[in-house]
Amino acid sequence: MKRRSFLKGTLAGSAVTVAVGAGLLNPRSVLAAWPESAFSAKSIPDAMSGLFGTADNKTSGAIKIKAPDIAENGAVVPVTVSTSMSGVSAIAIIAEKNGQPLAANFELASNAKGTVSTRIKMGKTMDVIAVVKSGGKLHTTRKNVKVTIGGCGG
Amino acid sequence: MANSIRIRAKASGSDVTVKALITHPMETGLRKDKKTGNKIPAHYIQEVKCEHKGKTVVNAQWGPAVSKNPYLSFAFSGAKAGDTVKLSWVDNKGKSDSAEAKVK
Amino acid sequence: MKKLIIAAAALALTAPLVSQASPQSDLNNMKKHFAKKFPGVKYQDLANGVYALDKGRRIEWESMEEFPPYEPGVEIGKSLFKKYKVGKCFKNGGIGIKQNYPYYDGKSGKVRTLEGDLMACLKSSGIDTKKEKLKFGKGKFAAIAAYMAYTSRGKTINVKVPGGKATKIYNNGKNFFYAKRGQLNFSCADCHVYNPGVKLRTMLLSTAIGQSTHFPVYRKKWEAGGTSPLHGFGTIQRRYGGCNKMVRAKPLKPKGGKQHPSYVALEYFHTYLSNGLKINAPGIRQ
Chain A
60 MKRRSFLKGT LAGSAVTVAV GAGLLNPRSV LAAWPESAFS AKSIPDAMSG
110 LFGTADNKTS GAIKIKAPDI AENGAVVPVT VSTSMSGVSA IAIIAEKNGQ
160 PLAANFELAS NAKGTVSTRI KMGKTMDVIA VVKSGGKLHT TRKNVKVTIG
210 GCGG
Chain B
5 MANSIRIRAK ASGSDVTVKA LITHPMETGL RKDKKTGNKI PAHYIQEVKC
55 EHKGKTVVNA QWGPAVSKNP YLSFAFSGAK AGDTVKLSWV DNKGKSDSAE
105 AKVK
Chain C
-9 MKKLIIAAAA LALTAPLVSQ ASPQSDLNNM KKHFAKKFPG VKYQDLANGV
41 YALDKGRRIE WESMEEFPPY EPGVEIGKSL FKKYKVGKCF KNGGIGIKQN
91 YPYYDGKSGK VRTLEGDLMA CLKSSGIDTK KEKLKFGKGK FAAIAAYMAY
141 TSRGKTINVK VPGGKATKIY NNGKNFFYAK RGQLNFSCAD CHVYNPGVKL
191 RTMLLSTAIG QSTHFPVYRK KWEAGGTSPL HGFGTIQRRY GGCNKMVRAK
241 PLKPKGGKQH PSYVALEYFH TYLSNGLKIN APGIRQ
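As structure tokens, this is what we get:
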């Protein structure tokens, strides 16, 4: 909320528009909370470090990934990550072989449940990796999703 | 950009499940315009915030790998039918929108 | 192409005798055929296409149905329906009538489809369909048709073939359905009567019974063509064109503001096969 009013109210409207248009004021850099390095990272450890400050993680059986075994269409793959862990402060979804693996991160308040769903783009067959931050530590699991071009249906 | 957000919030006791569908191109910046051959600039939602009683319950951070016309769903406790939830988004071009819905 | 041809050769391709039995007996025979092929599938579930045949795909489809991507488009279709005052051309103001289409119009001696009547309505209202970008098959036009079909959700399809010329058109459609076409030399029946449930790479073939219930359809593949919420929509004749292209046959395009008579006949026969099933349009599909 504060960030938006900073853009609209504090700076003269036209100056902001020109600055944004000229690429001088990148809205992304003004919204300091958006983790740019994590989203532009090309490796999974870099994505995790950019997001959480570390890539250290442990595999966990308490995280479930619901995603199709064979995706109908790589542009729209429904993914649900759920965990029975308590004290979950974030759930991130990583598409292993995408050029930039980090797809989404959900920061959760203490009263939010450990389940999130969204739909993501996957460029080819790969694992979907879920990262759950709980108790200050990172826990992961993965699930393979096949993505291929369809057949005679076109 | 009114009406880009559709919200369905349902209560089950003191738990609320929120489902939202947002109309947004979520362009990766890699797609080429078929006519000109030029790359269509990246245009995607970077943050989606859900608030209940003035408190942020979920703050989603997205990259362009989230699908076009994106969907999200989550749940939280400490709410009931009749409460209001608010969803707002900001994209990489600085555009934004928000919507409110009553929990059913 | 090579892989597709090899896959095609693996299919059981047969050329049945197209008998001149009545529409009702055609339908009864086809119902029996699918009941035998898929004993575990409930008849009404055939309206869900491949999702009735494959558990994994069904789960993905149910995820999409949690908040289907066609919803914003249907709302736009509704506002366009009102904007162009479409309701005045139809019975019941155009609401909840899809299940009666296509129908045989004795006066003109022609079969009418919902999309055919919709285009005729727009043109007769003096709307410049070219300027308004209202074209058969896609976009705004398909969104209006999708809204109209949506208002018929839950209603049972009830296509009538009242003898005489209507039966002739029905039989034209049936012959089209069973005729081989294209470089791949497939008939509609080859895939959708003799090989439903078979995989062609990662696509699953659906049964002919139940296909009509969810049209106009919203396809993930068509959605990729643009950014508006209307891009995913397509009418059944758009799909006929696409299927024909897939077997390397020429798609039959509308001409002079009218749909191609062969596709109209096909739609008449094809929709009759879904008599007794409930409309669930628009469907979200691959």
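Protein chains in written order, with the working numbering: chain A, 60 to 213; chain B, 5 to 108; chain C, -9 to 276. In this text, a Cβ means the ideal position worked out from N, Cα and C, and glycines have one as well.
What residue from the options has the CA that sits closest to residue i's CA?
i, options, result
"A11/C", "V151/C, R48/C, V31/C and M236/C", "V151/C"
"D87/B", "R10/B, S8/B, N7/B and S18/B", "S18/B"
"N116/A", "I124/A, A106/A and K125/A", "A106/A"
"Y41/C", "P251/C, H204/C and A255/C", "H204/C"
"L91/B", "N73/B, P29/B, V62/B and K108/B", "V62/B"
"Y208/C", "V64/C, F28/C and K32/C", "V64/C"
"A103/B", "V22/B, K39/B and D37/B", "V22/B"
"V70/B", "E95/A, S141/A, V135/A and K192/A", "V135/A"
"N90/C", "G77/C, E61/C, M109/C and T146/C", "T146/C"
"K84/B", "T40/B, K36/B, H56/B and L34/B", "H56/B"
"A149/A", "K202/A, M181/A, S99/A and I122/A", "I122/A"
"I11/B", "S81/B, P74/B and G41/B", "P74/B"
"T184/A", "A130/A, T139/A and E166/A", "A130/A"
"A100/A", "P68/B, K43/B and S81/B", "P68/B"
"P127/A", "P62/C, E52/C, V188/C and Y60/C", "E52/C"
"N203/A", "K125/A, E95/A, T113/A and M144/A", "K125/A"
"K158/C", "K75/C, Y74/C, A271/C and Y258/C", "Y258/C"
"Q276/C", "L36/C, S69/C, K170/C and E213/C", "E213/C"
"V187/A", "A154/A, S143/A and G146/A", "A154/A"
"L25/B", "K39/B, T32/B, N7/B and V94/B", "N7/B"
"G41/B", "G33/B, P29/B and A13/B", "G33/B"
"L124/C", "C233/C, L70/C and G84/C", "L70/C"
"G194/A", "G120/A, V140/A and S145/A", "S145/A"
"S115/C", "G77/C, Y137/C, N82/C and G86/C", "G77/C"
"N270/C", "Y137/C, K45/C and G127/C", "Y137/C"
"A179/C", "R102/C, N234/C, Y74/C and K240/C", "N234/C"
"I49/B", "A15/B, S81/B and H28/B", "H28/B"
Under the three-state reduction of DSSP, which class applies to residue i: helix, strand or coil?
i, result
"Q65/B", "strand"
"L66/A", "With a pLDDT of only 43 at L66/A, under the threshold of 50, the placement of this residue in the model should not be trusted, and no figure is reported."
"G200/C", "coil"
"P137/A", "strand"
"S81/B", "strand"
"M185/A", "strand"
"R178/A", "strand"
"R87/A", "Confidence at R87/A is low in this model, with a pLDDT of 41, below 50, so the placement of that residue should be treated as unreliable; the coordinate-derived value is given next. In this structure, R87/A counts as helix in the three-state DSSP scheme."
"V151/C", "coil"
"E95/A", "helix"
"V190/A", "strand"
"T157/C", "helix"
"K172/A", "strand"
"R143/C", "coil"
"F176/C", "strand"
"L110/A", "helix"
"E56/C", "coil"
"A42/C", "helix"
"L17/C", "helix"
"K164/C", "helix"
"A15/B", "strand"
"D95/C", "strand"
"G77/C", "helix"
"Q159/A", "coil"
"G120/A", "coil"
"V77/A", "Note that V77/A has pLDDT 42, beneath the 50 cutoff, so the model's placement of it is unreliable and no number is given."
"R48/C", "helix"
"L34/B", "coil"
"I274/C", "strand"
"N73/B", "coil"
Just to check my reading of the structure: residue i and residue j have Cβ atoms closer than 8 Å, yes? What is that Cβ distance to the nearest angstrom?
i, j, result
"A79/B", "T174/A", "6 Å"
"P137/A", "M54/C", "6 Å"
"F167/C", "L267/C", "Not really, about 17 Å apart at Cβ, beyond 8 Å."
"A156/C", "Y94/C", "4 Å"
"L17/C", "Y262/C", "7 Å"
"P13/C", "Y140/C", "P13/C to Y140/C, Cβ: 27 Å. No contact."
"K21/C", "I199/C", "7 Å"
In terms of DSSP beta bridges, what is residue i paired with?
i, result
"F165/A", "I150/A and A64/B"
"I26/B", "I9/B"
"A130/A", "The partner list for A130/A (beta bridge, DSSP) is empty, contrary to what the question assumes."
"D101/B", "W93/B"
"D115/A", "Answer is none; D115/A lacks a bridge partner."
"I208/A", "DSSP, once it has assigned bridges, lists no residue as partnering I208/A."
>> Threshold first: 3 residues or longer. Then list the beta strand (DSSP E) segments lying entirely within the segment 105 to 131 of chain C, N to C.
In response: Within the segment 105 to 131 of chain C, no complete beta strand (DSSP E) run reaches 3 residues.
> For the segment 193 to 260 of chain C, which segments carrying the beta strand (DSSP E) assignment without a break, of at least 3 residues, lie completely within its bounds, in sequence order?
Replying inline: The beta strand (DSSP E) runs of length 3 or more contained entirely in the segment 193 to 260 of chain C are, from start to end of the chain, 207 to 209.
> At a Cβ cut of 8 Å, what residues of the segment 5 to 38 of chain B count as close to chain D, listed as they run along the chain?
Replying inline: In the structure shown, chain D does not exist; the protein chains are A, B and C.
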